[in-house]
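Number of protein chains: 2
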Amino acid sequence: MTDTQTQAGTRDALLEAAQYLFGHKGYEGTSTRAIADRAGVNVASIAYHFGGKAGLRRACAEALAERLNAALQAEGPRPLPGTPQAAVAEMETAIRAITGIIVGSDGARDTVTFILRELGDPGEAAELIFARLFLPRHARFCQLWSIATGQPAEADEVKLTIFSLIGQIVYFRIAEPFVARRMGWSATGPDQAAQIADLIIGNLNAMIERARR
Amino acid sequence: MTDTQTQAGTRDALLEAAQYLFGHKGYEGTSTRAIADRAGVNVASIAYHFGGKAGLRRACAEALAERLNAALQAEGPRPLPGTPQAAVAEMETAIRAITGIIVGSDGARDTVTFILRELGDPGEAAELIFARLFLPRHARFCQLWSIATGQPAEADEVKLTIFSLIGQIVYFRIAEPFVARRMGWSATGPDQAAQIADLIIGNLNAMIERARR
DNA sequence: AAATGTTAATCAATCGTTTGATTAAGTGCA
DNA sequence: TGCACTTAATCAAACGATTGATTAACATTT
Numbered sequence: 015m016t017d018t019q020t021q022a023g024t025r026d027a028l029l030e031a032a033q034y035l036f037g038h039k040g041y042e043g044t045s046t047r048a049i050a051d052r053a054g055v056n057v058a059s060i061a062y063h064f065g066g067k068a069g070l071r072r073a074c075a076e077a078l079a080e081r082l083n084a085a086l087q088a089e090g091p092r093p094l095p096g097t098p099q100a101a102v103a104e105m106e107t108a109i110r111a112i113t114g115i116i117v118g119s120d121g122a123r124d125t126v127t128f129i130l131r132e133l134g135d136p137g138e139a140a141e142l143i144f145a146r147l148f149l150p151r152h153a154r155f156c157q158l159w160s161i162a163t164g165q166p167a168e169a170d171e172v173k174l175t176i177f178s179l180i181g182q183i184v185y186f187r188i189a190e191p192f193v194a195r196r197m198g199w200s201a202t203g204p205d206q207a208a209q210i211a212d213l214i215i216g217n218l219n220a221m222i223e224r225a226r227r
Numbered sequence: 015m016t017d018t019q020t021q022a023g024t025r026d027a028l029l030e031a032a033q034y035l036f037g038h039k040g041y042e043g044t045s046t047r048a049i050a051d052r053a054g055v056n057v058a059s060i061a062y063h064f065g066g067k068a069g070l071r072r073a074c075a076e077a078l079a080e081r082l083n084a085a086l087q088a089e090g091p092r093p094l095p096g097t098p099q100a101a102v103a104e105m106e107t108a109i110r111a112i113t114g115i116i117v118g119s120d121g122a123r124d125t126v127t128f129i130l131r132e133l134g135d136p137g138e139a140a141e142l143i144f145a146r147l148f149l150p151r152h153a154r155f156c157q158l159w160s161i162a163t164g165q166p167a168e169a170d171e172v173k174l175t176i177f178s179l180i181g182q183i184v185y186f187r188i189a190e191p192f193v194a195r196r197m198g199w200s201a202t203g204p205d206q207a208a209q210i211a212d213l214i215i216g217n218l219n220a221m222i223e224r225a226r227r
């Protein structure tokens, strides 16, 4: 009985270790040996399972997109809400969920760290994450906004507005250490995430009100 | 007559080359040789002028903070505006200026690329940039918001609101390739920056209106 | 000549990848 | 069932290339 991985365990262990290290030290800053060590696995396994370091990076993004899409599910063939009130309600719920995942320190923390690192390093992985994770939700938000305000869903101003809405959430995570210090937070947990979500929902309602005029 | 740098020229050439490469390929992804080549200078000059690669990184951050502070100047001992209208006007002007620098493709493009890369890689450089560049403006914005709305400048909600305001701008730059594609932009230049600034100023006014109620 | 810059050459360490060997689990046939 | 063979998976070891840093010689200026 050994403590090394066997069978499919190796693949998953590599994905988890790589996601953690790529996220915290960056792709270039992470050596294949460091990944293998953290996974408790031989270096050669990376080439065997993923073709190489770059393949492992791509596999991380794919696995993560699938996993997060499942967690946020919802992205199924849901019908659009019928009233402005219901549309606003769905946006508020979504903002709370997304803020909790991006800002709060739940289980997805390392995953979000990886995503943000890739966002700043345009490439295949960022492409994949945006196409599968961000854009579908952006389109949904545009439709909800359209129902809530009466503006056409594909109007330039609407699309930009939704970007500005999501940007607020993402920035709180990017600047987290500095936000925490400025706010006097010892940690950024679910309570802080809720406080941030409340604020952004307030902004959302202010923006909707203005758009209706 | 050679084409290599002499005297103080070497130092500046290294700073510029390093800022470009650190920003576009990341700190770990950039070799000292690549920096020296781009600067048209010998590798050993890095150790001579900056003590090493890490020192060059710090020097980049310091030089950039000084330069951007000068460009945005304003941060002198300006008096606070006396009326809510004047406070809103200053915020709008600042948003236009910051959006132009961060989003538009003016001369500061490589500098902003470096900053965003460092923001995602917490360390000495990010610390310096935030302390010297971001926080002073955050505090100023809080005061302006206070004058505009009557809320106390150091209230939690105000501080968070200002973060959410800045976050909108930063995100447009981070997600620039994806925003551009979604919007059908072939490039993100001054016109697009102005469009984004208009939108964010609209959001600002909506938020202020709501805060006054 | 002393101080300051710049250079080519070299260093040990580490990089991602490849190799050949080894193990264990299937597979086909008698 | 028993034997011969193939396949998938993992390993230690080694590969050539590149890394950041250092050295000592050379050039320029004061």
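Protein chains in written order, with my numbering: chain A, 15 to 227; chain B, 15 to 227.
Every residue gets a Cβ at the ideal spot worked out from N, C-alpha and C, and that includes glycine.
Check: Tell me, please, whether the CB atom of residue 185 of chain A is closer than 8 Å to any CB atom in chain B?; Outcome: yes
Check: Relative to the ligand MN, is the shortest distance from any of its heavy atoms to the C-beta of residue 133 of chain B smaller than 7 Å?; Outcome: This structure does not include the ligand MN; it has no bound ligands of any sort.
Check: Can we say the region 129-143 of chain A touches the region 67-84 of chain A, given the rule of at least three CB pairs closer than 8 Å?; Outcome: yes
Check: I'd like the list of long-range same chain contacts for residue 146 of chain A, defined as Cβ closer than 6 Å, with 5 residues on each side in sequence excluded.; Outcome: 79
Check: Using DSSP with H/G/I as helix, E/B as strand and the rest coil, what is residue 66 of chain B?; Outcome: coil
Check: Would you grab the beta carbon distance between residue 119 of chain B and residue 23 of chain B for me? Rounded to a whole angstrom, and I think it's under 8 Å.; Outcome: Not a contact, Cβ separation roughly 27 Å.
Check: Short check: CB of residue 181 of chain B to CB of residue 181 of chain A, under 8 Å?; Outcome: yes
Check: Report the rounded CA-to-CA distance for residue 201 of chain A versus residue 116 of chain A, giving the unit in angstroms.; Outcome: 14 Å
Check: Using 8 Å for Cβ pairs, my map puts residue 73 of chain B next to residue 54 of chain B. What's the rounded Cβ distance?; Outcome: Not confirmed; about 18 Å, so no contact.
Check: Excluding five sequence neighbours on each side, which residues of the same chain lie with their C-beta closer than 7 Å to the C-beta of residue 47 of chain A?; Outcome: 57
Check: Going straight from the alpha carbon of residue 84 of chain A to that of residue 97 of chain B, what length do you get?; Outcome: 51 Å
Check: Counting pairs of Cβ atoms below 8 Å between the region 210-227 of chain A and the region 132-151 of chain A, do you hit three or more?; Outcome: no
Check: What's the gap between the Cα of residue 106 of chain A and the Cα of residue 155 of chain A?; Outcome: 11 Å
Check: Are the beta-carbon atoms belonging to residue 183 of chain B and residue 214 of chain B less than 8 Å from one another?; Outcome: yes
Check: Could you tell me if residue 59 of chain A is buried or exposed, where buried requires 16 or more neighbouring beta carbons within 10 angstroms of its beta carbon?; Outcome: buried
Check: Spell out whether any CB of chain A is found under 8 Å from the CB atom of residue 148 of chain B.; Outcome: yes
Check: Does the CB of residue 87 of chain A have a neighbour CB from chain B at under 8 Å?; Outcome: no
Check: Which two residues bound the contiguous alpha helix (DSSP H) that contains residue 92 of chain B?; Outcome: Element bounds for residue 92 of chain B: n/a, residue is neither H nor E.
Check: Counting only beta-carbon separations shorter than 8 Å, does residue 180 of chain B have a partner in chain A?; Outcome: yes
Check: Could you check what DSSP says for residue 165 of chain B in three-state terms: helix, strand or coil?; Outcome: coil
Check: For residue 158 of chain A versus residue 101 of chain A, is the C-beta spacing smaller than 8 Å?; Outcome: yes
Check: I want to verify the contact list: residues of chain B whose CB lies under 9 Å from the CB of residue 131 of chain A, in sequence order.; Outcome: 134 and 135
Check: Starting from the beta carbon of residue 223 of chain A, find every residue of chain B whose beta carbon is closer than 9 Å, and list them in chain order.; Outcome: 220, 223 and 224
Check: Using CA atoms only, rank isn't needed, just tell me which of B/68, B/191, B/172 and B/225 is closest to residue 139 of chain B.; Outcome: B/68
Check: Check the Cβ of residue 171 of chain A against every Cβ in chain B and list those closer than 7 Å, keeping chain order.; Outcome: 213
Check: Counting only Cβ pairs nearer than 8 Å, list the residues of chain A close to residue 128 of chain B.; Outcome: In chain order: nothing, as chain A lies at least about 11 Å away.
Check: Quick check on DSSP: helix, strand or coil for residue 191 of chain B?; Outcome: helix
Check: Closer than 6 Å by C-beta to residue 123 of chain A: which residues in its own chain qualify, once you throw out the five before and the five after it? Chain order, please.; Outcome: none
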